[in-house]
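To start, the structure itself, in structure tokens.
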Amino acid sequence: MKYWKDIRKAAAVCAVCAVCAGSVMLFSCGKTKRTAGAANAAGGTVGVFVPGVMAGSATYEMLAQGVERAGKEKNVQVKVVEAGYNQAEWETFLTSMAASGSYSLIVSSNPSLPAIAESVSAKFPKQKFLLLDGSLTGNPAIYSVRYNQTEQAYMAGYIAALEAQELDGTKVGLMAGQEYPVMNEIILPGYIRGAQAVDPSFTADFRVIGNWFDAGKAADIAWDMIANGAKAILCVAGGANEGVVQAAYESGAKVVWFDTNGYAVRPGTVVGSSIIRQDKLAYEKTLLFLEGSLPFGAADIVGVADGYVDFVEDDPDYIAAVSQTIREKQADMIARIRNGSLVLQE
Ligand code: RBF
């Protein structure tokens, strides 16, 4: 967890500026993407804090879509604000949003947000937060819900290994935008576990780009992974994923997608999509807030059995790209998770 402490320390320095600049910062630093719905005096505006940019990052696009759908349904204004890729600025940015007093609720998503929101909450205890894809209990102003990413990564590792076997390989790859505790402690181990359930001799080549946008660097690294024997690569790198797909396409390797359905990105190269239903979760939890029943202080986890983590098996591009034998093996494994005979707890 040291990583987040460092980020928070850096952000704390900037927080002084935030107090001086007040809400002006909010509109000068970041980009207000869109405002939807009519203002509602009872509900106030719901703010979506995007820690990064939406383009290329499916988790953030789904987040905004879900919140906007709930806002529209309840006639509540939703404002989506992109904080950008400079993570040292995020706390300052979030502080400005809370300081503005404009938001009845601030919704955000990623595993670094609980620590940042908790720090902002200490200064602005009335500000309510809904955090997805992160976890924190005990703060009466924060509700969080995360995904069972052991399940999500296991399903990705299983299909990656089955496809690698077809190409006579015993190595799979994982390309991450950056390292963070959930990546190192949950996603990577879950991925390896899935691959080794196919064959215990599988190893994983884990690489880190250092950002969530550099597709050129991602392609260079992917070429190196493929040259070193990785036959299928899981991408968890936002907009940089495109570079991995290009390298895999040109070299005959395969790609597994994370968070959304990615088969259409490159039919025949993308052979798996291990997804989260963040749009649905964001919609439902925002609606709960607008109805006055979001259980602040609590933290939940949702997975395959609840329908928020899944593997896309019915896409025609999946069916065309992956042999029936492999699809049946993948389907059997998923059925075992669904019926509880394969338990992947965190
Ligand atoms: N995922 C993205 O797709 N795009 C991003 O810009 C992005 N930025 C992140 C920044 C931090 C500090 C952390 C911890 C994660 C980030 N993620 C990003 C990963 C995302 O939250 C999630 O873990 C993955 O999408 C896997 O579900």
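Counting from 86, one number per residue, gives the positions in the sequence shown under this note's numbering. Where is the CB? At the ideal position from N, CA and C, for every residue including glycine.
List the endpoints of the continuous beta strand (DSSP E) containing phenylalanine 396. Position 311 of the sequence shown, counting from 1, holds the residue named residue 396. Note, phenylalanine 396: beta strand (DSSP E), 394-396.
Assumed close pair serine 359, phenylalanine 396 - CB separation to whole angstroms, cut-off 8 Å: Working through the sequence shown from its first residue, we reach residue 359 at position 274. Working through the sequence shown from its first residue, we reach residue 396 at position 311. Yes, they are in contact, since the Cβ atoms of serine 359 and phenylalanine 396 sit about 5 Å apart, within 8 Å.
For isoleucine 419, count neighbouring Cβ atoms within 10 angstroms of its own Cβ and tell me buried if that reaches 16, exposed if not. Position 334 of the sequence shown holds residue 419. By the neighbour-count rule (16 or more Cβ atoms within 10 Å), isoleucine 419 is buried.
Cβ contact (3+ pairs, closer than 8 Å) linking the region 265-281 and the region 191-211: yes
Opposing strand residues paired with lysine 339 [DSSP bridges]: The residue given as residue 339 occupies position 254 in the sequence shown. The partner list for lysine 339 (beta bridge, DSSP) reads Ala317.
For alanine 416, which residues in the same chain have their Cβ closer than 7 Å to its Cβ, ignoring the five residues on either side in sequence? As a first step, residue 416 is located in the sequence shown; it is residue number 331 there, counting from the start. Contacts found: Glu398.
So what does alanine 292 bridge to, in DSSP terms? In the sequence shown, the residue the question calls residue 292 occupies position 207. The sequence given here has arginine at residue 292, not alanine. Per DSSP, Met260.
Cβ of isoleucine 361 versus every heavy atom of the ligand RBF: is any distance shorter than 7 Å? Locating residue 361 in the sequence shown gives position 276, where the first residue counts as 1. Checking every heavy atom of the ligand RBF against the Cβ of isoleucine 361, one is found closer than 7 Å.
Exposure label - proline 430; buried when at least 16 CB within 10 Å: If you number the sequence shown from 1, residue 430 lands on position 345. Residue identity check: residue 430 is glutamine in the sequence provided, not proline. Its Cβ having fewer than 16 others within 10 Å, glutamine 430 is exposed.
Indicate, with yes or no, if the ligand RBF has a heavy atom lying under 7 Å from the CB of proline 196. For the purposes of this step, residue 196 is identified with residue 111 of the sequence shown, where counting begins at 1. It does: the Cβ of proline 196 is within 7 Å (strictly closer) of some heavy atom of the ligand RBF.
Cβ pair count under 8 Å reaching 3, the region 314-333 against the region 291-302: yes
Can you tell me which of the three DSSP states alanine 155 falls into? Looking up residue 155 in the sequence shown gives position 70. Correct three-state label for alanine 155: helix.
For aspartate 305, report the span of its alpha helix (DSSP H) as first-last. Position 220 of the sequence shown, counted from the first residue, corresponds to residue 305. Per DSSP, aspartate 305 belongs to the alpha helix (DSSP H) from 300-312.
Going by beta carbon distance, what residues of the same chain come within less than 7 Å of alanine 155, once the five residues before and after it are set aside? Numbered from 1 along the sequence shown, position 70 holds the residue referred to as residue 155. Here the set comprises Tyr368, Thr371, Leu372, Leu375.
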